[in-house]
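Student: Chains as they are written, first to last, in UniProt numbering: chain A, 1 to 424; chain B, 1 to 424; chain C, 1 to 424; chain D, 1 to 424.
All C-beta atoms, glycine included, are put in the ideal place defined by N, C-alpha and C.
4 protein chains.
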Amino acid sequence: MTNDIKHLVGKNELIEHFKSVRKYSLSLISALSAEDCQLQAMADVSPSKWHLAHTSWFFETFLLGIHSRNYKVFNPEFKILFNSYYNGIGEQFKRGNRGSLSRPSLDDVIAYRRYIDEAVISVLNTAITPEIEQIITLGLNHEQQHQELMLMDIKYNFSINPIFPAYQSLKPTQVPNQQSSAAIKFINFDQAIINIGSNAENQFAYDNEQPKHSVLVHPFSFANRLVTNAEYLGFINSSGYSNPQHWLSDGWAHIQANNLTQPLYWHYINGEWFEFTHYGLLPLNLAAPACHVSYYEASAYASFVNARLPTEFEWEYAAQQHAPSNTAHTSLLLPNMADSSAAIGQLTDSCWQWTNSAYLPYPGFKPIAGVAGEYNGKFMSNQMVLRGGCVLTPANHLRTTYRNFYYPHQAWMCSGIRLAKDKT
Amino acid sequence: MTNDIKHLVGKNELIEHFKSVRKYSLSLISALSAEDCQLQAMADVSPSKWHLAHTSWFFETFLLGIHSRNYKVFNPEFKILFNSYYNGIGEQFKRGNRGSLSRPSLDDVIAYRRYIDEAVISVLNTAITPEIEQIITLGLNHEQQHQELMLMDIKYNFSINPIFPAYQSLKPTQVPNQQSSAAIKFINFDQAIINIGSNAENQFAYDNEQPKHSVLVHPFSFANRLVTNAEYLGFINSSGYSNPQHWLSDGWAHIQANNLTQPLYWHYINGEWFEFTHYGLLPLNLAAPACHVSYYEASAYASFVNARLPTEFEWEYAAQQHAPSNTAHTSLLLPNMADSSAAIGQLTDSCWQWTNSAYLPYPGFKPIAGVAGEYNGKFMSNQMVLRGGCVLTPANHLRTTYRNFYYPHQAWMCSGIRLAKDKT
Amino acid sequence: MTNDIKHLVGKNELIEHFKSVRKYSLSLISALSAEDCQLQAMADVSPSKWHLAHTSWFFETFLLGIHSRNYKVFNPEFKILFNSYYNGIGEQFKRGNRGSLSRPSLDDVIAYRRYIDEAVISVLNTAITPEIEQIITLGLNHEQQHQELMLMDIKYNFSINPIFPAYQSLKPTQVPNQQSSAAIKFINFDQAIINIGSNAENQFAYDNEQPKHSVLVHPFSFANRLVTNAEYLGFINSSGYSNPQHWLSDGWAHIQANNLTQPLYWHYINGEWFEFTHYGLLPLNLAAPACHVSYYEASAYASFVNARLPTEFEWEYAAQQHAPSNTAHTSLLLPNMADSSAAIGQLTDSCWQWTNSAYLPYPGFKPIAGVAGEYNGKFMSNQMVLRGGCVLTPANHLRTTYRNFYYPHQAWMCSGIRLAKDKT
Amino acid sequence: MTNDIKHLVGKNELIEHFKSVRKYSLSLISALSAEDCQLQAMADVSPSKWHLAHTSWFFETFLLGIHSRNYKVFNPEFKILFNSYYNGIGEQFKRGNRGSLSRPSLDDVIAYRRYIDEAVISVLNTAITPEIEQIITLGLNHEQQHQELMLMDIKYNFSINPIFPAYQSLKPTQVPNQQSSAAIKFINFDQAIINIGSNAENQFAYDNEQPKHSVLVHPFSFANRLVTNAEYLGFINSSGYSNPQHWLSDGWAHIQANNLTQPLYWHYINGEWFEFTHYGLLPLNLAAPACHVSYYEASAYASFVNARLPTEFEWEYAAQQHAPSNTAHTSLLLPNMADSSAAIGQLTDSCWQWTNSAYLPYPGFKPIAGVAGEYNGKFMSNQMVLRGGCVLTPANHLRTTYRNFYYPHQAWMCSGIRLAKDKT
């Protein structure tokens, strides 16, 4: 974003893209009630209603408030209510209380979206400067991130309800019936100096993926698929959660303090394992990738099988050579299972993959200029990088340079385990 | 409740009373959206939807499940979801998460109410045993308590929204315009042995008001009205919140730990005082009683003016001799102001009044028999008694023997300050 | 203390009494190291060193600083360091950090004591005004309270050390060998109007015991002895700690949150019960009174046996009629066992006894005048009264009007269970 | 440690080195009382007594218990009491309670040390296998780490005492009188592939420094000295602590939650700045390096001056080319000031230097074999690397490959700020 992006798209294309992304956000709540859209079952998640409002606030604040002369603010209270974390913009409503706001109502928020949409399209219909194009592009990528968040958050919000509500219904015939997987293969990579990151020349990239730079990668091998539920169950059944041996010290403290004995959405009921999904409670599919694990769990599992997690550079290198195909993308909100035909599979279409890299700036990193500079840079501490993408990520929001990041204890995103090893 | 109640009412009267109380609960949400009814802005309060469901669960659990032969449970999940605190019934859904349930929806809960209403009326239409009459009476009194709680909780839930939503609208002409009050007078009472409590002979009474027993009361004097906002403001302006002198040790620790500098709903904005009400933010009415004060605040204020809080026995004695009139009861959801014509006023129609009595059993106290025995008895520690009633209390739910109770730090109920003194 | 105390004692007697009390405090640490005297294993307890300094600070602050013309402060830093909770005197060092002060050393504190002793005796040798006599008397009673606290606190401080250090050694022949007790008898008391409290005419009494006033007590019966370990074990063995039935709501929450399954100092090791004592770990003596129980535990046990705890007025009435004898006072730091010859025994020489009375002011209560007024009054919320005395209490510090008070969850004092019942 | 270390030293040399290191630990408490040695003013620090015992426990557990046939354990309780965090060895006494152990006494611990010393020397006098040499070397390096910790912890333990005790005394003539510093110069480094880490061929190195491997470093410039107190004061005086602009998001949350407005040991008293030191409270020396800053503070300061922190690879590269001289090492326990003659100074003899590298394994990292494998590896999450060394570090414990690590919020170690920049 700090570099000029040369006319990536034409005006009409941009307007159509804008409309399409904005419409998709709304489609995500088509099966939800206003009550559903207000849920906030822990401080890390936000109500769907809030996501819908905040993504509009983003365009209002960074585009309309700056680049639209006659723009009249929809509601001055929203400046605080829907500011997520931009101190440069001003005060923010307390994050953990977002679920305690019934006003504005969902209907009010939808009206707000409509108002913003019209105002943005009106700006786009006059003159698109490179600056405006940049902020539109950032805003749409931002909205796509929130689309994935909406799906993650709804799942969490429903998960604590003992009724286990389903976000969508699943016909029995749709339930994936693959039940086993071929053994993991480790693909070798030689030492190399590789290009990491992007200069956002031909494709949008966030500031945290920039600049493109060279990294020396040591010989390693990389698993051809993600760890499955069956494999992870092996760890559980080997006293994985009651023996500190394989855990990082902070990880062991975390599972002790929270009495964790299994991944976030797993339930052991009357001698059988289930997993909470967007389709309600389903029997645990042993061939599906282990998902919703924390970094601590991923790291402990890797140690258990004498492997380790890859660095984010190893991951990007592997993805450069085994370009992820999105063709296998299912229409279900369940992580895709391994495709045995792929040399290296499940790179972007199944679960995000914890790396052993801390989320830190690349050499030469510069935040986006202006108030949107808080977008990524200020979170560069205490978090770990996840690479890839997941079944909830909008398809055109994926790229091999993408850096996702979460705290090591978090697990409500679709986070899985890719193994790696030092090449011997 | 432990005593037999002789046919207080006839069958039709009972059915009409049942319908009327149940209908009133629903009327309280007539101006609210489903989103409003789901709010739970702190663990102490519950969503309106939850109150509507729990009061139905009460009849289902203690009446239909026991006394109705063919009763079919509406939804077995509700047994846990809407159990407040009855360990004898079983597990309970986590109190602090009640606002995180979008399902059942408000519509589902209203259907549940209808189903319960029909089932109860059907029971009442067959044969009313004394036992059934007792449990109906208890259930209706229980529901009336929750009606007051609904109004308290809605107020709190709206109060943290910076938009300050109004539960109801108030015409400018309705705003109370009394701005000053005559000085407090202290009415003397001689030493006496008085009857305290009720045997529930002619009127329903909770187990905690029983049995009627004699108490020796020492000479005291009792304020003819409640402390006003103007008077309480004098305490604030005398560094009341920055000087430990008048505070109980626990109270001082509480206001320090929570940075309290004023009562719960007061706001100081641009040099003026406001109070959040069911009508949104209103200028602080100096003649109105100070309301939403904690026991710690009430006790500190009393010390500040060289007075003390009355015991619950002194309060009951005063109320016996100055029977509270409910005629002055306003239709507004604002505490009534002092009526200078009353010898002792504002006993039940304005704010509950903190007493200096801990909530403990009366001599000879016995909990209601059966599982409903958890109703009152198990809360007899750490709480203080409030007496009287408030503008939110259903009118026919008041009596001079009524014992309300809250923790000393709580303030989201309509709690005001009645002063007393040792008679010298 | 608010009343004039007429020459209770002569000058020499007072000086001797002063010397004797002060000396006894020092004797309590004769078997302890400087390291032992610095321990503070939880915020509720204080290091022995701190007690020795604070009781000297009390005389310095309330006597020497006010009544001694040429008194030179020993060390100005001590004003803050050894102020317990007197906001009227000024700031206080953070209570929970008292164990984190190695300077002043124990030797410094002993020198401080000597300095204060000399200064006080010098004041007493000149002229004793009634005011001075009052503050000396208060200071010595205050010191006696701290003597009991020192013994309580040392026990707690040693209890968390897995080595289980012994404060004193016990010869095998000294171990009490009584192993069983006669069944509890309930002694009846008729309704009466009784005198409660003291006017401090012939004997010192704290402000919280004053004034003497009449109370109407209803018919009750009162256990002739305390509940034994054997009896309490019956409660444990009947799933007492895993069933909410008999617990107050706050009590159940407390034992759940803290995973409590037995009284504070009990240990179950290899199938046998032990109790940590001033003599290290001893096998649980089944005939000894259950000690170190919280109010919640006492209340749950009483409910378990269909009894209740007495009110503090019932306790005082029983003690008036069955004057406690201190003759049976053992020299061991273990609660005395029941003496079957006593009509009502173990009133003051064994364990303090939880009552069902909240710690609140008596009618007409006035705090001591001046800064020492914070002594008792400001703690009159959230605590329950214990009556009697215990084996750790200095013998001449006992009286039937004495009101001890602790929070319901606390158990590091010698707190036992006296049962009572409504007389039927 | 995972590699064989060829006879680094002869037997006598090893014994002498052992004696010398062990003696130095004891010398650190020569001016402390037993009370001082028991202090633990926060959970992160340990009592000096505990350090003295734990470093002996280390030899007992990893050497004597394994390699000495007839070794008789000194006290079986110590296995738990002085185990820091080795789950492979067994249970550990609760870390935060170490200051609550008066037994064993300091004298007991010194006797324990003597016992261990004799047993170790006896082993060394028989036959030194490579394994034994390795564990001795590890144990001595471990002890040297604890020597620095002892000095850090004593400083913290004294710092919360309002008396501000001095660990050592300082003559007025010893007070450093340098008051100003030349402006920072940035030294340029070109892109290079460099060797990072050690194979422990000629010098001991921890497992976390291994293996030696190549890293590609991008062009950068590196400050010739550390940031001074004067410079850091400029940040404070520019509203550094009240403006979120330069802070990482977690850092801003941390200083808000803890009300931080200055570095850990700074005090602003009557308009003047002081710093707590091993010599008590001293006026803040403006020319001295800013010390005891957290990673958050270091990062915010760097942003404030448009710079950044170096990576640990940049730091090691700079140190390779500007070999740190220890000649300027003062005998004072105060960070050395900049030596203007050095091209790049203060590398190891002043303060540790926060890097912008997370503490993670090197490619090919393997923990030490056996139970000591918990030494370093399990802490590789959530911490940041500090490089260099500080004035408290034993002189022969320094090397350019050394990786120190702390959580970003911690500041009780001697942590300073080295600036770097991308080379433009």
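On the three-state DSSP scale, how would you describe B/His213?
Tutor: By one-based count along the second sequence, residue 213 of chain B stands at place 213. When DSSP states are grouped into helix, strand and coil, B/His213 belongs to the strand group.
Student: Find the nearest neighbour of D/Ala318 within the set D/Ala343, D/Val305, D/Leu332 and D/Pro335, judged by alpha-carbon distance.
Tutor: Numbered from its first residue, the fourth sequence carries residue 318 of chain D at position 318. Of D/Ala343, D/Val305, D/Leu332 and D/Pro335, the residue nearest in Cα terms is D/Ala343.
Student: Give me, in chain order, the residues of the same chain whose beta-carbon lies closer than 6 Å to that of D/Ser115; leave out the 5 immediate sequence neighbours on both sides.
Tutor: As a first step, residue 115 of chain D must be located in the fourth sequence, where it is residue number 115. The identity of residue 115 of chain D in the sequence shown is Tyr, whereas the question assumes Ser. Here the set comprises Phe74.
Student: Starting from A/Ser415, follow its DSSP beta bridges and name the residues at the other end.
Tutor: Looking up residue 415 of chain A in the first sequence gives position 415. A/Trp352, per the DSSP bridge assignment.
Student: With distances taken Cα to Cα, identify the nearest neighbour of B/Ser27 among B/Leu264, B/Met380 and B/Leu52.
Tutor: Numbered from its first residue, the second sequence carries residue 27 of chain B at position 27. Among B/Leu264, B/Met380 and B/Leu52, the Cα nearest to that of B/Ser27 belongs to B/Leu52.
Student: By the criterion of Cβ-Cβ separation under 8 Å, what are the contact partners of C/Gly99 in chain D?
Tutor: Position 99 of the third sequence, counting from 1, holds the residue named residue 99 of chain C. Simply Gly99 and Ser100.
Student: Can you tell me whether D/Ile193 is buried or exposed, with buried defined as 16 or more other CB within 10 angstroms of its CB?
Tutor: The count along the fourth sequence starts at 1 and reaches residue 193 of chain D at position 193. When all chains shown are included, D/Ile193 counts as exposed.
Student: Going by DSSP, which residues form a beta bridge with A/Pro289?
Tutor: Numbered from its first residue, the first sequence carries residue 289 of chain A at position 289. The partner list for A/Pro289 (beta bridge, DSSP) reads A/Thr228.
Student: Inspect the beta-carbon positions of C/Ser415 and C/Val293 and report whether they are closer than 8 Å.
Tutor: One-based indexing of the third sequence puts residue 415 of chain C at position 415. One-based indexing of the third sequence puts residue 293 of chain C at position 293. Their beta carbons are under 8 Å apart, which means C/Ser415 touches C/Val293 by this criterion.
Student: Over the uninterrupted beta strand (DSSP E) stretch that includes A/Tyr167, give me the two end residues.
Tutor: Numbered from 1 along the first sequence, position 167 holds the residue referred to as residue 167 of chain A. According to the DSSP assignment, A/Tyr167 belongs to no beta strand (DSSP E), since it is labelled neither H nor E.
Student: Going by alpha carbons, who is nearest to D/Ser242 out of D/Asn336, D/Val109, D/Tyr24 and D/Gln256?
Tutor: By one-based count along the fourth sequence, residue 242 of chain D stands at place 242. Ranking D/Asn336, D/Val109, D/Tyr24 and D/Gln256 by Cα distance to D/Ser242 puts D/Gln256 first.
Student: Would DSSP call D/Asn202 helix, strand or coil?
Tutor: Numbered from 1 along the fourth sequence, position 202 holds the residue referred to as residue 202 of chain D. Here D/Asn202 sits in coil by DSSP.
Student: Answer with yes or no whether the minimum CB distance from A/His218 to chain D is below 8 Å.
Tutor: By 1-based counting over the first sequence, the position of residue 218 of chain A is 218. So yes, A/His218 belongs to the interface.
Student: By DSSP, does D/Arg95 sit in helix, in strand, or in coil?
Tutor: Taking the first residue of the fourth sequence as position 1, residue 95 of chain D is located at position 95. In the structure shown, D/Arg95 sits in a helix (DSSP, three-state: H, G or I).
Student: In chain order, which continuous runs of the alpha helix (DSSP H) of length 4 or greater are located wholly inside the UniProt domain "DinB-like" (18 to 149) of chain B?
Tutor: Entirely contained in the UniProt domain "DinB-like" (18 to 149) of chain B, the alpha helix (DSSP H) runs reaching 4 residues are, in chain order, 48 to 59, 78 to 81 and 106 to 126.
Student: Classify C/Met384 as helix, strand or coil using the three-state DSSP reduction.
Tutor: Mapped onto the third sequence, residue 384 of chain C falls at position 384. The answer is strand: DSSP assigns C/Met384 an E or B state.
Student: Under 7 Å, CB to CB, which of the residues in the segment 62 to 80 of chain B have a partner in chain A?
Tutor: Residues of the segment 62 to 80 of chain B with a C-beta less than 7 Å from any C-beta of chain A: Glu77 and Ile80, listed in chain order.
Student: Can you find the residues in the same chain that come closer than 7 Å, C-beta to C-beta, to A/Cys351, ignoring five residues on each side of it along the sequence?
Tutor: Residue numbering aside, residue 351 of chain A sits at position 351 when the first sequence is read from its first letter. If we look at A/Cys351 and ignore the five residues flanking it on each side, its Cβ neighbours are Leu226, Pro289, Cys291, Pro335, Cys390, Cys414, Ser415 and Gly416.
Student: What's the gap between the Cα of A/His246 and the Cα of A/Gln262?
Tutor: As a position in the first sequence, residue 246 of chain A is number 246, starting the count at 1. As a position in the first sequence, residue 262 of chain A is number 262, starting the count at 1. When rounded, the distance between both Cα atoms is 15 Å.
Student: Looking at the structure shown, is B/Trp266 part of a helix, part of a strand, or coil, going by DSSP?
Tutor: In the second sequence, counting from the first residue as 1, residue 266 of chain B sits at position 266. Here B/Trp266 sits in strand by DSSP.
Student: Could you spell out the range, first to last residue, of the alpha helix (DSSP H) harbouring A/Ser299?
Tutor: Along the first sequence, one-based indexing puts residue 299 of chain A at 299. Per DSSP, A/Ser299 is one residue of the alpha helix (DSSP H) stretching across Tyr295 to Phe304.
Student: Just grab the DSSP bridge partners of A/Leu282 for me.
Tutor: Taking the first residue of the first sequence as position 1, residue 282 of chain A is located at position 282. Answer by DSSP bridge pairing, in chain order: A/Glu275.
Student: Can you have a look at D/Thr424 and say buried or exposed, based on whether 16 or more other CB atoms are within 10 angstroms of its CB?
Tutor: Stepping through the fourth sequence from its first residue, residue 424 of chain D is reached at position 424. With fewer than 16 other Cβ atoms within 10 Å, it is exposed.
Student: Closer than 9 Å by beta-carbon distance: list the chain D residues that pair up with A/Tyr85, in chain order.
Tutor: Position 85 of the first sequence holds residue 85 of chain A. Those within 9 Å of A/Tyr85 in chain D are Ser249.
Student: Secondary structure at A/Ile255, three-state DSSP: helix, strand or coil?
Tutor: For this step, residue 255 of chain A is matched to residue 255 along the first sequence. Note: A/Ile255 maps to helix in three-state DSSP.
Student: At the 8 Å Cβ level, is D/Leu360 part of the contact set with chain A, yes or no?
Tutor: Taking the fourth sequence and counting its residues from 1, the one referred to as residue 360 of chain D is at position 360. It does: the Cβ of D/Leu360 has a partner Cβ on chain A nearer than 8 Å.
Student: Considering only the beta carbon of each residue, do B/Thr348 and B/Leu398 sit closer than 8 Å?
Tutor: Counted from its first residue, the second sequence places residue 348 of chain B at position 348. Counted from its first residue, the second sequence places residue 398 of chain B at position 398. With respect to B/Leu398, B/Thr348 sits close: the two C-beta atoms are nearer than 8 Å.
Student: Considering only residues of the same chain and omitting the five flanking positions on each side of D/Leu63, which have a CB-CB separation below 6 Å?
Tutor: Here the question's residue 63 of chain D lines up with position 63 in the fourth sequence. So the qualifying residues of the chain are Ile135.
Student: Who are A/Ala420's beta bridge partners in DSSP?
Tutor: Taking the first sequence and counting its residues from 1, the one referred to as residue 420 of chain A is at position 420. In DSSP, A/Ala420 forms a bridge with A/Phe222 and A/Arg308.
Student: Taking only beta carbons into account, state which residues of the segment 390 to 414 of chain C come closer than 8 Å to chain D, listed in chain order.
Tutor: Within the segment 390 to 414 of chain C, no residue has a Cβ that lies closer than 8 Å to any Cβ of chain D.
Student: Check the Cβ of B/Leu39 against every Cβ in chain A and list those closer than 9 Å, keeping chain order.
Tutor: Within the second sequence, the letter at position 39 stands for residue 39 of chain B. Within chain A, the residues near B/Leu39 are Gln38, Gly99, Ser100, Leu101 and Ser102.
Student: Taking beta-carbon pairs under 8 Å, can you tell me which members of the segment 179 to 193 of chain B lie near chain C?
Tutor: Of all residues in the segment 179 to 193 of chain B, only Ile193 come within less than 8 Å of chain C when Cβ atoms are compared, listed by chain position.
Student: From the DSSP output, in three-state form, read off A/Tyr317 for me.
Tutor: Position 317 of the first sequence, counted from the start, is the residue given in the question as residue 317 of chain A. Reduced to three states, the DSSP call for A/Tyr317 is helix.
Student: Apart from the five residues on each side of it in sequence, which residues of its chain come closer than 8 Å, Cβ to Cβ, to A/Val120?
Tutor: Counted from its first residue, the first sequence places residue 120 of chain A at position 120. Closer than 8 Å at the Cβ level, and outside the excluded window around A/Val120, lie Phe18, Phe59, Leu63, Leu64 and Ile136.
Student: Apart from the five residues on each side of it in sequence, which residues of its chain come closer than 7 Å, Cβ to Cβ, to C/Gln144?
Tutor: As a position in the third sequence, residue 144 of chain C is number 144, starting the count at 1. Val21, Pro394 and His397.
Student: Residues in the same chain with beta-carbon distance under 8 Å from B/Gly377, minus the five sequence neighbours each way, listed in chain order, please.
Tutor: The residue labelled residue 377 of chain B in the question sits at position 377 within the second sequence. Only Asp207, Asn208, Pro361, Phe365 and Pro367 meet the Cβ criterion.
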